[in-house]
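K.L.:
First the structure, then my questions, so here it is.
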Amino acid sequence: MFGLFSKNHFPVEGRTVLITGASEGMGRSVAVQLAAKGAHVILVSRNVGRLEEALLEVKAAAASPSTQRFTYLSADVSEPDFAARVVAEAIAWNGGRPLDTVWCIAGMSTPLLFTDPGAMAASHRNMSVNYFGAAEMAHAILREWLVPSPSTAKWPEPKHLIFTSSVAALLPLAGYAPYTPSKSALRGLADTLAMELHLYPATPVQVHVVFPATIISPGLARENETKPGVTVELEKADTPETPETVARRAVAGLERGEYFVTTSFLGWLMRCGALGSSGRNSWVLDTLVAWVMSVAYFFVMWDLNGQVAKWGRTHGTPGVKRAA
Numbered sequence: 012m013f014g015l016f017s018k019n020h021f022p023v024e025g026r027t028v029l030i031t032g033a034s035e036g037m038g039r040s041v042a043v044q045l046a047a048k049g050a051h052v053i054l055v056s057r058n059v060g061r062l063e064e065a066l067l068e069v070k071a072a073a074a075s076p077s078t079q080r081f082t083y084l085s086a087d088v089s090e091p092d093f094a095a096r097v098v099a100e101a102i103a104w105n106g107g108r109p110l111d112t113v114w115c116i117a118g119m120s121t122p123l124l125f126t127d128p129g130a131m132a133a134s135h136r137n138m139s140v141n142y143f144g145a146a147e148m149a150h151a152i153l154r155e156w157l158v159p160s161p162s163t164a165k166w167p168e169p170k171h172l173i174f175t176s177s178v179a180a181l182l183p184l185a186g187y188a189p190y191t192p193s194k195s196a197l198r199g200l201a202d203t204l205a206m207e208l209h210l211y212p213a214t215p216v217q218v219h220v221v222f223p224a225t226i227i228s229p230g231l232a233r234e235n236e237t238k239p240g241v242t243v244e245l246e247k248a249d250t251p252e253t254p255e256t257v258a259r260r261a262v263a264g265l266e267r268g269e270y271f272v273t274t275s276f277l278g279w280l281m282r283c284g285a286l287g288s289s290g291r292n293s294w295v296l297d298t299l300v301a302w303v304m305s306v307a308y309f310f311v312m313w314d315l316n317g318q319v320a321k322w323g324r325t326h327g328t329p330g331v332k333r334a335a
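Going by the working numbering, the sequence shown wraps up at 335, each residue one higher than the last.
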């Protein structure tokens with residue numbers, strides 16, 4: 012009954028959504044499902060051939076084919092400064108209007124034991140794609156969104172910046188040393204931005220982090236090429252989900268207004284236990300304190316976010332400096 016009266020916190024009908032990693036897997040399924048909900052969609056990925064195939068599928072799913080618009084932009088998210096060009100082209104395609112949602116899904120995983128010869132090269136590559144690819148995009152879009160508009164004092168609806176992490180960031184497993192830090196870093200970035208954005212009350216932006224588990228996709232096939240045997244053994248309890256299922260559950264979590272969005276029951280349990288899969292100095296004392304801190308942090312973050320908002324009101328909204 013409550014669901015009948017709950018607000019949709021992620022309406023997309025008639026709004027423009029940019030998705031990285033949209034040519035295959037979860038990204039492609041998200042694009043299809045948002046098109047079916049009435050969104051205008053911009054697909055971003057490297058491979059033009061796969062983008063063209065994905066674009067046809069997205070157009071076929073459109074709720075209103077005569078009014079919805081779709082396009083793609085080819086870009087390598089691992090390249091420094093790639094995002095400024097993509098955002099500029101996306102806004103130009105959107106008639107100069109700001110985008111409503113940016114969802115960073117592009118990612119990769121190269122599981123190796125940390126002592127393997129190729130582990131450090133893989134770590135650099137995973138960090139370039141998974142973390143810096145999303146951070147570059149966040150930096151570029153926020154520099155557009157946070158410029159106060161002269162035509163309105165406040166947007167009628169907040170913009171959405173969505174990162175795609177992994178349950179590996181909630182419960183690291185042996186064999187994912189090149190991968191897990193890049194996904195954990197996204198959580199840290201999201202937490203930091205969620206607080207920093209209180210400085211911009213006139214241009215509200217909601218940050219979200221999606222934590223999918225294993226997804227049946229071409230990326231999983233590539234991942235399995237290097238996956239150590241011990242990692243395979245540790246993942247026996249994890250049943251891979253289809254991209255369509257993961258996308259549907261992720262969108263549903265966003266519509267509920269969730270900050271941390273999980274797409275499986277196991278992921279939900281990991282999220283609840285995110286305060287601690289790490290070893291304790293004292294299992295009893297540290298666990299008891301974690302329970303207390305789960306309540307205390309509500310008040311701590313309320314105070315800290317309030318201080319940030321007060322600073323903005325007192326000192327003014329920080330200007331977004333343009334490059335010379």
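All C-beta atoms, glycine included, are put in the ideal place defined by N, C-alpha and C.
Treat the numbers as computed from the prediction; the structure is a model and nothing was measured.
Name the DSSP bridge partner or partners of T273?
P.N.:
T273 pairs with F222.
K.L.:
Checking the sheet assignment: what are the DSSP bridge partners for I30?
P.N.:
For I30, which the question treats as bridged, DSSP gives the partners L54 and W114.
K.L.:
According to DSSP, simplified to helix, strand and coil, what is Y142?
P.N.:
Three-state DSSP puts Y142 in a helix.
K.L.:
Taking its Cβ as the centre, do 16 or more other Cβ atoms sit within 10 Å of N141, making it buried, or is it exposed?
P.N.:
Classification for N141: buried.
K.L.:
With distances taken from CA atoms, which of A65, S56, M37 and V28 is nearest G49?
P.N.:
Residue V28 is the option with its Cα nearest to G49.
K.L.:
From P76, S75 and A103, pick the residue whose C-alpha is nearest to that of L84; which is it?
P.N.:
Nearest C-alpha to L84: A103.
K.L.:
Nearest-angstrom Cα distance between N316 and P76?
P.N.:
Going from the Cα of N316 to the Cα of P76 covers about 42 Å.
K.L.:
Under 8 Å Cβ to Cβ from M12, same chain only, skipping five residues before and after it: list those, please.
P.N.:
Reliability fails at M12, whose pLDDT of 37 lies under 50, so the model's placement of it is uncertain and the value that follows must be treated cautiously. There are no such residues.
K.L.:
Look up E236 in the DSSP assignment and say whether it is helix, strand or coil.
P.N.:
Of the three classes helix, strand and coil, the one that applies to E236 here is coil, per DSSP.
K.L.:
Sorted by chain position, which residues of the same chain lie with C-beta nearer than 8 Å to L277's C-beta, five sequence neighbours on each side aside?
P.N.:
V178, A224, A248 and D249, listed in sequence order.
K.L.:
If you run the structure through DSSP and keep just helix, strand and coil, what is T175?
P.N.:
The answer is strand: DSSP assigns T175 an E or B state.
K.L.:
From T328 to G186, what does the alpha carbon distance come to, in whole angstroms?
P.N.:
Spanning the two alpha carbons is a distance of roughly 44 Å.
K.L.:
State the CB to CB distance for the pair H20 and R233, rounded to an integer number of angstroms; the pair is presumed to be in contact (CB under 8 Å).
P.N.:
So it is not a contact: roughly 34 Å between Cβ atoms.
K.L.:
Is W114 buried or exposed, if buried means 16 or more other CB atoms sit within 10 Å of its CB?
P.N.:
Buried is the call here.
K.L.:
Using the DSSP secondary-structure output, state which residues sit across from Y190 in a beta bridge.
P.N.:
DSSP lists no partner for Y190.
K.L.:
Taking P189 as the reference, give the member of H326, A258, I53 and T121 with the closest Cα.
P.N.:
Nearest C-alpha to P189: T121.
K.L.:
By Cβ distance below 6 Å, which residues in the same chain neighbour K70 in space, the five residues on each side in sequence not counted?
P.N.:
Answer for K70: F81, listed in chain order.
K.L.:
Note down, in chain order, each residue of its chain lying with its Cβ closer than 8 Å to the Cβ of Q44, except the 5 sequence neighbours on either side.
P.N.:
Cβ neighbours of Q44 beyond the five flanking positions: A72, E255, A258, R259 and V262.
K.L.:
Anyone know if the C-beta pair for Q217 and H171 falls short of 9 Å?
P.N.:
A contact, by the Cβ cut-off of 9 Å.
K.L.:
Give a yes or no on whether the C-beta atoms belonging to Q31 and V88 are separated by under 9 Å.
P.N.:
A quick correction: the sequence has Thr, not Gln, at residue 31. In this structure, V88 lies closer than 9 Å to T31 by Cβ.
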